[in-house]
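K.L.:
Dropping a structure here in structure tokens format, bear with me for questions.
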Amino acid sequence: MQAEPTLTGVLDALRPIAALRTEVVGEGDRSARTTATDRAARDDYHQWQHHVSTVNGCIRPIRLTGQLHTIDTTTGEVLASRSTGTMPDGVLYIPCGNRRAEVCPACAELYRADTFHMIKAGLVGGKGTPDTVAHHPAVFATFTAPSFGAVHSRAVDKKTGRVKPCRMRRSMTLCPHGRPTWCSQRHTEGSHAIGKPLCSECYDYAGHAVWNAFAPELWRRTTQTMRRLASRLGKQHGVKLDISFGKVAEYQERGLVHFHAIIRLDQRDPGNPDAILPPPATLTAAHLDQLIAQAAATTAFRTPPHPGSRFYPANPEGWTITWGTQLVNRPLARVDGADITESMVAGYVAKYATKSTETTGFIARRITPDTIARYADYQTHIGTLIAHCWDIGANPHNRDTHPDEHDDWTNTYGKLRRWAHMLGFGGHFTTRSRRYGPTRKALKNIRRVHQRSQQLLRQSGHRTTEHLDEDTTLVIGELAYAGTGWLTLGDAELAASAAAKAREYRNTRKQEFALQQTA
Numbered sequence: 001m002q003a004e005p006t007l008t009g010v011l012d013a014l015r016p017i018a019a020l021r022t023e024v025v026g027e028g029d030r031s032a033r034t035t036a037t038d039r040a041a042r043d044d045y046h047q048w049q050h051h052v053s054t055v056n057g058c059i060r061p062i063r064l065t066g067q068l069h070t071i072d073t074t075t076g077e078v079l080a081s082r083s084t085g086t087m088p089d090g091v092l093y094i095p096c097g098n099r100r101a102e103v104c105p106a107c108a109e110l111y112r113a114d115t116f117h118m119i120k121a122g123l124v125g126g127k128g129t130p131d132t133v134a135h136h137p138a139v140f141a142t143f144t145a146p147s148f149g150a151v152h153s154r155a156v157d158k159k160t161g162r163v164k165p166c167r168m169r170r171s172m173t174l175c176p177h178g179r180p181t182w183c184s185q186r187h188t189e190g191s192h193a194i195g196k197p198l199c200s201e202c203y204d205y206a207g208h209a210v211w212n213a214f215a216p217e218l219w220r221r222t223t224q225t226m227r228r229l230a231s232r233l234g235k236q237h238g239v240k241l242d243i244s245f246g247k248v249a250e251y252q253e254r255g256l257v258h259f260h261a262i263i264r265l266d267q268r269d270p271g272n273p274d275a276i277l278p279p280p281a282t283l284t285a286a287h288l289d290q291l292i293a294q295a296a297a298t299t300a301f302r303t304p305p306h307p308g309s310r311f312y313p314a315n316p317e318g319w320t321i322t323w324g325t326q327l328v329n330r331p332l333a334r335v336d337g338a339d340i341t342e343s344m345v346a347g348y349v350a351k352y353a354t355k356s357t358e359t360t361g362f363i364a365r366r367i368t369p370d371t372i373a374r375y376a377d378y379q380t381h382i383g384t385l386i387a388h389c390w391d392i393g394a395n396p397h398n399r400d401t402h403p404d405e406h407d408d409w410t411n412t413y414g415k416l417r418r419w420a421h422m423l424g425f426g427g428h429f430t431t432r433s434r435r436y437g438p439t440r441k442a443l444k445n446i447r448r449v450h451q452r453s454q455q456l457l458r459q460s461g462h463r464t465t466e467h468l469d470e471d472t473t474l475v476i477g478e479l480a481y482a483g484t485g486w487l488t489l490g491d492a493e494l495a496a497s498a499a500a501k502a503r504e505y506r507n508t509r510k511q512e513f514a515l516q517q518t519a
């Protein structure tokens, strides 16, 4: 198996080309090549690579300047102080922490790995979660949005493997706007037509935008309903029951979010609320399946009235927020060779934890009044949706004369403007219930202990984790923001190359491990 590449190895490979400054290169990459070889040729480049290794190849690290103080936690004494001025480049680098793979692949990979371990630990135990959860009934559920109008789609016949016609109808009728209500094409994978309405005038863009905005509240109410139903089921069996979940949001090609959730049935101990106990053996995944289906079918609410503004007409009745009819529940089988395993589910959920609106073909930063004209385009599906988010979210009153109404507006429809670049959805993409599994902070602590044990192993040749999780010192920083990103294109290129090679190495190891398992 190949050796794991490191940033030091990348720099060592670049050092011989430091003398090739006169090599003819393209004008676009001249600055990056020159600054990269400059860095590799410096005597202190090993010190620099050790200094920046903590950001793990982040594309846009945060640069901080100031003081770092090491304090004894038992006495409060300042043991040492260090200025960032003595560090390479005179700054402290920290990773940006962005979860989106399109923004920072390195930080997104770490976020994906943490999500995988968080979801899997809630199914099989480990990392602070008892192993007994492997015997709890669990269901992998997908909650979808309702239909707001007919859109182009692509489906494959499971029996023949052929792509089905998009939308076949027995009667070839036209909509009120004179457009066909059918589509006989067999769309190819990645077709731009997928997710687009058959008739944009028939499509309910306002309902679409508002549903995205209130989807987090719908999920919160649904989990409350599931807990009430679980409590009722527990009374029938003489125990107290509760549900735990790990959930991730995913964008469909039509621009609506749907939720993938791993839902687990737990028994509660009234004397120890934090305990995670297995439910009675008479309760199976089928009971949990029925519970989830009932909660999804009965949970609904109406949004507050929309008073209207000069951008959008009033809607005094509000909008009804409910789930779509395509609820998909897959009970998890706890046997070898099952169609759906814990690792498969955790990997599937973690994959979508690093994605965003790129599924719809649209990626943008937060939209402002100065930039809305670039995105609000009624000639496209996404442009029309953004325009509706912006118009519905317009404050109908002056905040100076109606401050209370402004606050209420911001908490309801006003958030549509704030999250217009996310097509109205402003919720967290990955969430978990309190007792489902480890937190990201706990996973970070486990990773820190492992890294420190590896450091001790390299220094003393003896591996130990004893007392590593018991901090006797505390580092407090008096730091100020100095900027975002690497100082030179060469530094950015070195960091990106090291991160790419590290990801390639991990993928190779995964493939080798999979081959060993099947051998």
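Mapping the sequence shown onto this note's numbering, position 175 (from 1) lands on 175, and the numbers just tick up by one.
Virtual Cβ for every residue (Gly too), placed ideally from N, Cα, C.
No experiment lies behind these values; they were computed from the predicted model shown.
1) If you draw a straight line from the alpha carbon of Ala296 to that of Asp391, how long is it in whole angstroms?
2) Relative to the C-alpha of Arg82, which residue among Ile363, Pro95, Ala138, Gly477 is closest?
3) Establish whether the CB of Arg435 and some CB of chain D are separated by less than 7 Å.
4) Only counting runs of 3 or more residues, tell me where the beta strand (DSSP E) segments fall wholly within the region 105-177, in order along the chain.
5) With a CB to CB cut of under 8 Å and the five nearest residues on each side skipped, what residues in its chain are close to Ala314?
6) So, at 6 Å on beta carbons, what are the nonlocal neighbours of Thr508 in its own chain, with the 5 sequence-adjacent residues on each side left out?
7) Okay, do the region 408-426 and the region 100-110 touch, 3+ Cβ pairs below 8 Å being the bar?
8) Do you know offhand how far Ala514's Cα is from Gly393's?
9) If you compare alpha carbons, which of Leu68, Cys199, Gln185 is closest to His177?
10) Taking C-alpha atoms, which residue in Asp491, Glu358, Phe301, Phe148 lies nearest to Val103?
11) From Phe143 to Arg452, what does the alpha carbon distance come to, in whole angstroms?
12) If distances are taken between C-alpha atoms only, which option among Asp269, Ala480, Ser31, Gly195 comes closest to Gly85?
13) Take Arg220 as the anchor and find which of Ala285, Met168, Ala300 has the nearest alpha-carbon.
14) Looking only at its chain, what residues have a beta carbon closer than 8 Å to the beta carbon of Leu241, apart from the 5 residues adjacent to it on each side?
15) If you reduce the DSSP assignment to three classes, tell me which class Asn329 lands in.
16) Using a Cβ-Cβ cut-off of 8 Å (strictly less than) and excluding sequence neighbours within five positions of His467, which residues of its own chain qualify?
17) From Leu474 to Asp114, what does the alpha carbon distance come to, in whole angstroms?
18) Just the Cα atoms here: how many angstroms apart are Cys389 and Ile372?
19) Is it buried or exposed for Pro105, if we count other Cβ within 10 angstroms and need 16 for buried?
20) For the alpha helix (DSSP H) containing His381, name the first residue and the last one.
21) Select from Gly414, Leu64, Gly347 the residue whose C-alpha is nearest the C-alpha of Gly246.
22) Can you list, in chain order, the residues of its chain with a C-beta nearer than 6 Å to that of Gly483? Leave out the 5 residues immediately preceding and following it.
23) Are the CB atoms of Ile276 and Arg435 within a distance shorter than 7 Å?
24) Within this structure, are the beta carbons of Ala145 and His258 separated by less than 7 Å?
25) Does Arg39 pass the burial test, meaning 16 or more other C-beta atoms within 10 Å, or should it be called exposed?
26) Drop a sphere of 10 angstroms on the beta-carbon of Glu529, count the other beta-carbons inside from all chains shown, and report buried for 16 or more, exposed for fewer.
27) Thinking C-beta only, is Arg330 closer than 7 Å to Phe140?
28) What are the boundary residues of the beta strand (DSSP E) that includes Ala249?
29) Tell me, which residues are paired with Ser184 by DSSP?
30) Looking at the secondary structure, which residues open and close the beta strand (DSSP E) in which Arg264 lies?
31) Can you look up Ala500 in the DSSP assignment and give me helix, strand or coil?
32) Kindly indicate which three-state DSSP category Phe301 falls into: helix, strand or coil?
33) Quick check: Tyr352 and Glu189, are their CB atoms within less than 7 Å of each other?
34) Which residues mark the beginning and the end of the beta strand (DSSP E) in which Thr320 is found?
P.N.:
With the structure as the only source:
1) 30 Å
2) Gly477
3) In the structure shown, chain D does not exist; there is a single protein chain.
4) 138-143
5) Pro305, His306, Pro307, Gly308
6) none
7) no
8) 49 Å
9) Cys199
10) Glu358
11) 41 Å
12) Ala480
13) Ala300
14) Ala230, Ser231, Leu233, Gly234, Leu265, Asp266, Gln267, Arg268, Pro279, Leu283
15) strand
16) With a pLDDT of 46 at His467, under the threshold of 50, the modelled position of this residue cannot be trusted; read the value that follows with caution. Taken in chain order, the list of residues that qualify is empty.
17) 25 Å
18) 11 Å
19) buried
20) 381-392
21) Gly347
22) Arg63
23) yes
24) yes
25) buried
26) In the structure as shown, the chain begins at 1 and stops at 519. Residue 529 is therefore absent and cannot be evaluated.
27) yes
28) 241-251
29) According to DSSP, Ser184 bridges with nothing at all.
30) 257-269
31) helix
32) strand
33) no
34) 320-322
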